[in-house]
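Per the UniProt record's numbering, the sequence shown runs over residues 1 to 297. Inspection log for the structure reproduced underneath, given as structure tokens.
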Amino acid sequence: MNELAELRTFVAVVENGSFSKTARQTGRSTSSIARQVSALEDRLGISLLHRTTRQQGLTDGGAAFYEGAIKVLSSLDNLQRDVSAYQSELKGVLRAQIRASAALSIIAPELPRFLEQYPDIKLNLVLADEQVDLVANGLDVAVWLGHLNDSGLIARRLSANKRILCGSPAYFERYGEPKHPSDLQQHNCLLYRAVNYGNLWRFEKGDEKLEVHVAGNLESENGSILLTSCINGVGLFVAQEWMLRGPVRDGRLRPVLTDYIINPSNDNDTALHVVWPPTKKLSPKARAFIDFLVSLF
Numbered sequence: 001m002n003e004l005a006e007l008r009t010f011v012a013v014v015e016n017g018s019f020s021k022t023a024r025q026t027g028r029s030t031s032s033i034a035r036q037v038s039a040l041e042d043r044l045g046i047s048l049l050h051r052t053t054r055q056q057g058l059t060d061g062g063a064a065f066y067e068g069a070i071k072v073l074s075s076l077d078n079l080q081r082d083v084s085a086y087q088s089e090l091k092g093v094l095r096a097q098i099r100a101s102a103a104l105s106i107i108a109p110e111l112p113r114f115l116e117q118y119p120d121i122k123l124n125l126v127l128a129d130e131q132v133d134l135v136a137n138g139l140d141v142a143v144w145l146g147h148l149n150d151s152g153l154i155a156r157r158l159s160a161n162k163r164i165l166c167g168s169p170a171y172f173e174r175y176g177e178p179k180h181p182s183d184l185q186q187h188n189c190l191l192y193r194a195v196n197y198g199n200l201w202r203f204e205k206g207d208e209k210l211e212v213h214v215a216g217n218l219e220s221e222n223g224s225i226l227l228t229s230c231i232n233g234v235g236l237f238v239a240q241e242w243m244l245r246g247p248v249r250d251g252r253l254r255p256v257l258t259d260y261i262i263n264p265s266n267d268n269d270t271a272l273h274v275v276w277p278p279t280k281k282l283s284p285k286a287r288a289f290i291d292f293l294v295s296l297f
């Protein structure tokens, strides 16, 4: 950085016409200005200025160097302004990792609204469920489900862990609705391979606590596949409320056994969070996307 300071001092001396005027302008001593210019000349191995008692004139080499220095400093100043704009303006690439089920069921339908509101933000979305190193993977934000492995991240909860049991109107018309958790043993239950799911479903209502072993003809670790199958009448499905919210709202799915808490667990272990790396100042584009996510849940 000393070289850059020397460069700026040299340009200032040329534009001011003297060491003394430059010293007054910058609030420094004349001797310190002269030392910086001399250090620059020593490093370059040429004389840049003809020195007289009253003013300084450029040598041929100094004139050429001055023209180049102006271009370098101008380019650097423009670069600094452009980079600062990314920290102060809503623009640039935003890279986010989103849990697939949340992306497809809640976020994707609303993305056009976000992109229209912020036309200078370019979203780069990675759909994945595993928790990764955000910094190492170049991620600005992520949406994760469950316990957060990295306590150093900043997190904001998007949704609690309420689960509901649903089926399609066509399924219920054909097989009827379960009136009690024990009735599920007579139904085709879609099995989600994940913590607090599987084929043992737990129900609580007041002092009543039940465990029901269920079975079905479809099992997957991908909740979106099971959701689509449930909508198409294949069977009953337990999932997070936010995942089923849309289909329930438009009538494609109907909740049952709503007076029971289903698969109860520690809220922090199953809640949905948006997370981001600790930073001195969160960029406006990241803040805008986080606020957008919060508004959806």
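Where is the CB? At the ideal position from N, CA and C, for every residue including glycine. Small disclaimer: the values here were computed from a predicted structure and weren't measured.
- Contact between LEU293 and VAL274 is confirmed by a C-beta separation of about 5 Å, below the 8 Å threshold.
- In the DSSP assignment, ALA286 falls outside any beta strand (DSSP E) and lies within the alpha helix (DSSP H) extending over 284-296.
- In this structure ASN188 is in contact with GLY235, their Cβ atoms being roughly 4 Å apart against a cut-off of 8 Å.
- Sequence-distant partners of GLY138 (beyond 5 residues in either direction) whose C-beta falls short of 6 Å from its own C-beta, in its chain, are ARG95.
- The continuous stretches of beta strand (DSSP E) do not include GLU241, which lies in the alpha helix (DSSP H) extending over residues 241-249.
- Annotation for LEU227: the continuous alpha helix (DSSP H) segment containing it runs 223-231.
- GLN97 counts as buried, since at least 16 other C-beta atoms from the protein chains shown sit within 10 angstroms of its C-beta.
- Between PHE297 and SER159, the C-beta spacing is below 9 Å.
- In this structure, the beta-carbon distance from PRO264 to GLU211 does not fall below 9 Å.
- With fewer than 16 neighbouring CB atoms inside 10 Å of its own CB, LEU79 falls in the exposed class.
- The beta carbon of GLU41 lies closer than 7 Å to those of SER47, LEU48 in the same chain, with the five residues before and after it left out.
- Taking 9 Å as the cut-off, the Cβ atoms of LEU123 and LEU111 count as close.
- Excluding the 5 residues flanking it on each side, MET243 has same chain C-beta neighbours closer than 8 Å at SER101, ALA102, SER105, ILE106, GLY223, LEU227, in chain order.
- Burial check for THR258: the Cβ neighbour count within 10 Å stays below 16, so the residue is exposed.
- Counting C-beta pairs closer than 8 Å gives three or more between the segment 247-257 and the segment 153-167, which meets the contact rule.
- Take VAL248, set aside five residues on each side of it, and the residues of its chain with a beta-carbon closer than 8 Å to its own are ILE164, CYS166, ARG254, PRO255, in chain order.
- For LYS21, the three-state secondary structure derived from DSSP is helix.
- In this model, VAL14 and GLY45 are separated by some 19 Å (Cα to Cα).
- Note that the C-beta distance between LYS91 and ILE121 is below 9 Å.
- The beta-carbon distance between LEU58 and TYR66, rounded to whole angstroms, is 6 Å. This is short enough to meet the 8 Å contact definition.
- A check of alpha carbon separations from ILE261 across TRP201, GLY62, GLU173, GLY246 identifies TRP201 as the nearest.
- Taking every protein chain shown into account, the CB of ASP140 has 16 or more other CB atoms within 10 angstroms, so this residue is buried.
- Secondary structure note for GLN36: its alpha helix (DSSP H) is the uninterrupted segment 30-44.
- Around the beta carbon of SER283, a 10 Å sphere encloses 16 or more other beta carbons of the protein chains shown; the residue is thus reported as buried.
- GLN186 and TRP144 have their alpha carbons spaced roughly 34 Å apart.
- Listed in chain order, the non-local C-beta contacts of ARG156 below 6 Å within the same chain comprise VAL274, local neighbours out to five positions each way being set aside.
- When rounded, the separation of the alpha-carbon atoms in ALA5 and SER20 is 17 Å.
- For TYR118, the three-state secondary structure derived from DSSP is coil.
- Partner residues in the beta bridge of LYS209, as assigned by DSSP, are GLU204.
- Rounded to whole angstroms, the separation of the alpha carbons of ALA286 and GLU219 is 36 Å.
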